[in-house]
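Please read the structure below before turning to the comments.
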Amino acid sequence: MQWQVYLSGEIHTDWREQIAQGCQALGLPIQFVGPVTDHAASDAAGDLLGVPADNFWRDHQSARVNQIRTQTLIQRADLVVVRFGPQYKQWNAAFDAGYCAALGKPYITLHDADLVHPLKEVDAQALAWAQTPQQVVELLAYQCQGLSRD
Numbered sequence: 160m161q162w163q164v165y166l167s168g169e170i171h172t173d174w175r176e177q178i179a180q181g182c183q184a185l186g187l188p189i190q191f192v193g194p195v196t197d198h199a200a201s202d203a204a205g206d207l208l209g210v211p212a213d214n215f216w217r218d219h220q221s222a223r224v225n226q227i228r229t230q231t232l233i234q235r236a237d238l239v240v241v242r243f244g245p246q247y248k249q250w251n252a253a254f255d256a257g258y259c260a261a262l263g264k265p266y267i268t269l270h271d272a273d274l275v276h277p278l279k280e281v282d283a284q285a286l287a288w289a290q291t292p293q294q295v296v297e298l299l300a301y302q303c304q305g306l307s308r309d
């Protein structure tokens, strides 16, 4: 059995690569998917349909185009990891966590201890809270125990 894990959230550090490399080193049967992590490309996703004159509508159009990928991949995922970084307010990550909660999709949050209070509702629905990518790798390895690779 191969798991599909959606990696949501912060795009400014290499946490996704750390998790993927850690799981690959252990030979875990996991395929990772996620959003477009090129910030400029994500912001311009709606421009494929024409650039609106107003920035509100440009952001709105791009958000909707990006949701095609996000909703589809989250719905197909076996598990979602939602990363909240220390530098920016990741409203999109909070939205993804809420979407998972509404779907009954299991998710793990990944963030530093100083975000425990602001993320208390998000963490309350998560099945685990990790503070490092290595902890996520260990959680995933535990879930894969006894599974054969296909």
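Mapped onto this note's numbering, the consecutive letters of the sequence shown carry residue numbers 160 to 309. We put the CB at the ideal spot given by N, CA and C, even for glycine.
Rounded Cβ spacing between residue i and residue j (contact assumed at less than 8 Å)
i	j	result
C259	V239	5 Å
Residues near residue i by beta carbon distance below 8 Å, same chain, minus five either side
i	result
V195	S201, A204, N225 and R228
I267	L238, V239, V240, V241, A285, L286, A287, W288, A289, V295 and L298
R223	G205
Q230	Y258
Selected residue, minimal CA-CA separation from residue i, among the options
i	options	result
D197	A212, G168 and W250	G168
K248	Q302, L274, G181 and W216	L274
Y301	I189, R175 and G263	I189
A283	R175, A256 and Q246	A256
Assigned exposure category for residue i - 16 Cβ within 10 Å defines buried
i	result
D271	exposed
L187	buried
W216	exposed
W250	exposed
A179	buried
V281	buried
Q324	Since the first and last residues shown for the chain are 160 and 309, residue 324 lies out of range.
D173	exposed
L318	Residue 318 lies beyond the range of the chain shown here (160 to 309); nothing can be said about it.
D309	Caution applies to D309, whose pLDDT of 48 falls short of 50 and renders its modelled position unreliable; the value that the coordinates give is listed next. So D309 counts as exposed.
Sequence-distant residues of the same chain with beta carbon closer than 7 Å to residue i, five excluded per side
i	result
Q177	P292
R235	Q163
L170	Inspection of the sequence shows that residue 170 is occupied by Ile rather than by Leu. T196 and H198, listed in sequence order.
P211	R217 and Q220
P245	D271
Neighbourhood of residue i by C-beta distance below 6 Å, restricted to the same chain and skipping five residues each side
i	result
P277	none
A252	S167, G168, V241 and F243
H232	As written in the sequence, residue 232 is Leu, which differs from the His given in the question. Cβ neighbours of L232 beyond the five flanking positions: Y165 and V192.
Which complete beta strand (DSSP E) runs does the region 173–252 hold, if anything under 3 residues is left out? 189–192 and 238–242
List in chain order: all unbroken alpha helix (DSSP H) runs of 4+ residues lying wholly within the region 250–309. 250–262, 279–284 and 292–302
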